[in-house]
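Below: the structure, in structure tokens.
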Amino acid sequence: MSTVQTSLRTAVEDTSLAARWQQLRANRNWQAMWFMLPTAAFLLLFLAYPLGLGIWMSFTDERIGRPGIFIGLENYEWLWDDAVFWLSVFNTLLYTIVASIIKFAVGLYLALLLNRHMPFKAMIRAVVLIPFIVPTVLSAIAFWWIYDTQFSILSWSLIKLGIINENINFLGDANWARASVIFANIWRGVPFVAITLLAGLQTVSPSLYEAATLDGATNWQRFRYVTYPLLTPIIAVVMTFSVLFTFTDFQLIWALTRGGPVNATHLMATLSYQRGILSGRLGEGAAIATAMIPFLLAAIAISWFGMQRRKWQQGNDND
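Right, here's the structure in full:
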């Protein structure tokens with residue numbers, strides 16, 4: 047009898063497990079989790095693990111070809127007294143703030159312009175996207191020729207117009223180099239902002255503009271009280287990505303100036319590469335890269351709290 051009871055109990059448990067498994071398979075929340083597992087594994091393998099490894103490496107004196115030992119905050123103490131590191135922080139903040147503000151202003155203007163009815167609008171939108179889809183290195187090479195000391199088309203044009211008397215050393219002077227790389231980043235980043243904001247403008251109902259016009263609203267009032275409030279969530283997302291992409295920019299700077307002249311265009315990303323890979327001091331390079339994290343988290347936090355404040359003002363506490 048005990049054997050029969052055990053068999054029956056096992057069969058009941060198997061049936062119960064099968065039923066529970068079927069319930070999990072039918073549950074939409076669990077289905078979503080199964081679909082997310084490959085993405086989660088990808089993120090853990092290629093993002094979380096390298097990030098954790100880099101943070102750990104920043105606390106060691108590891109070099110290329112030699113495993114490091116734990117040295118605590120020594121790398122960070124060294125960076126604290128490093129003038130080049132603080133110059134790279136200044137350059138990164140200047141580069142990010144100036145480029146992001148101009149990209150947003152120009153991108154928003156282009157989005158508003160492209161949202162109007164005009165001939166060849168589809169072709170114009172495609173042309174606007176060209177700077178964004180061209181590989182970064184190719185863009186950098188093109189700008190490298192445009193900024194060339196001897197053969198710059200900009201210097202040649204300004205000389206022909208009588209504005210200057212000699213070629214401008216765009217990439218050899220510290221201030222001109224900073225302005226040049228910022229302009230190149232703006233040229234590449236404006237299409238992303240413009241097309242994304244244009245997609246947001248497409249969702250605004252024309253009836254809202256018609257109602258505002260009937261109420262006597264001017265163009266500025268329609269933008270201020272209709273377009274801008276409805277576009278705020280898109281703006282927050284676009285600017286967050288724009289700031290993150292600009293802050294971590296590497297290819298454009300490295301291909302154009304290698305951080306020169308005299309470290310005038312070194313960003314934290316390029317300095318990390320120079321110290322960690324080219325110089326072989328992996329621990330120090332990892333410390334510079336890790337020092338970027340608080341700035342990135344601050345940018346994300348500002349965007350998130352701004353969105354939450356916007357929801358609170360609209361009375362969407364449960365969203």
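Read left to right, the sequence shown gives residues 47 to 365 (the working numbering).
Beta carbons: idealized from backbone N, C-alpha and C, even for Gly.
In the DSSP secondary-structure assignment, Arg-109 is bridged to Arg-112. For Leu-139, the enclosing alpha helix (DSSP H) stretches over residues 129 to 160. At least 8 Å separates the beta-carbon of Leu-290 from that of Phe-131. Sequence-distant Cβ neighbours of Leu-160 in its own chain, meaning closer than 8 Å and more than five residues away, are Lys-167, Ile-170, Arg-171, Val-174, Ala-240 and Leu-244.
For Val-183, the number of other beta carbons within 10 angstroms of its own is below 16, and it is reported as exposed.
A Cβ-Cβ contact shorter than 8 Å links Ile-299 with Val-227. When only Cα atoms are considered, Ala-78 and Gly-246 end up about 27 Å apart. For the pair Leu-302 and Phe-189, the CB atoms are nearer than the 8 Å cut-off.
Apart from the 5 residues on each side of it in sequence, Ser-185 sits with its Cβ closer than 8 Å to the Cβ of Pro-177, Ala-230, Trp-233, Arg-234 and Leu-298 in its chain, given in chain order.
Ser-325 carries a coil assignment under DSSP once its states are collapsed to helix, strand and coil. In this structure, Ala-347 is the residue among Ala-347, Gly-331 and Met-338 with its C-alpha nearest to the C-alpha of Thr-286. Rounded to whole angstroms, Leu-260 and Leu-254 show a C-alpha spacing of 10 Å. By the CB criterion at 8 Å, Tyr-274 and Phe-296 fall outside the cutoff. In this structure, Met-314 lies near Ala-337, with their beta-carbon atoms less than 8 Å apart.
Setting aside the 5 residues that flank it on each side, Gly-118 is surrounded in the same chain by Phe-105, each with a C-beta closer than 7 Å to its C-beta; the list follows chain order.
In the DSSP assignment, Ile-299 falls within the alpha helix (DSSP H) that extends over 297 to 302. When only Cα atoms are considered, Gly-331 and Arg-321 end up about 5 Å apart.
Ser-288 is the residue among Ser-288, Thr-242 and Ser-349 whose C-alpha sits nearest the C-alpha of Thr-142.
Under the three-state reduction of DSSP output, Ser-185 falls in the helix class. In the DSSP assignment, Thr-278 falls within the alpha helix (DSSP H) that extends over 274 to 293. Remark: C-beta atoms of Ser-198 and Phe-216 approach each other more closely than 8 Å.
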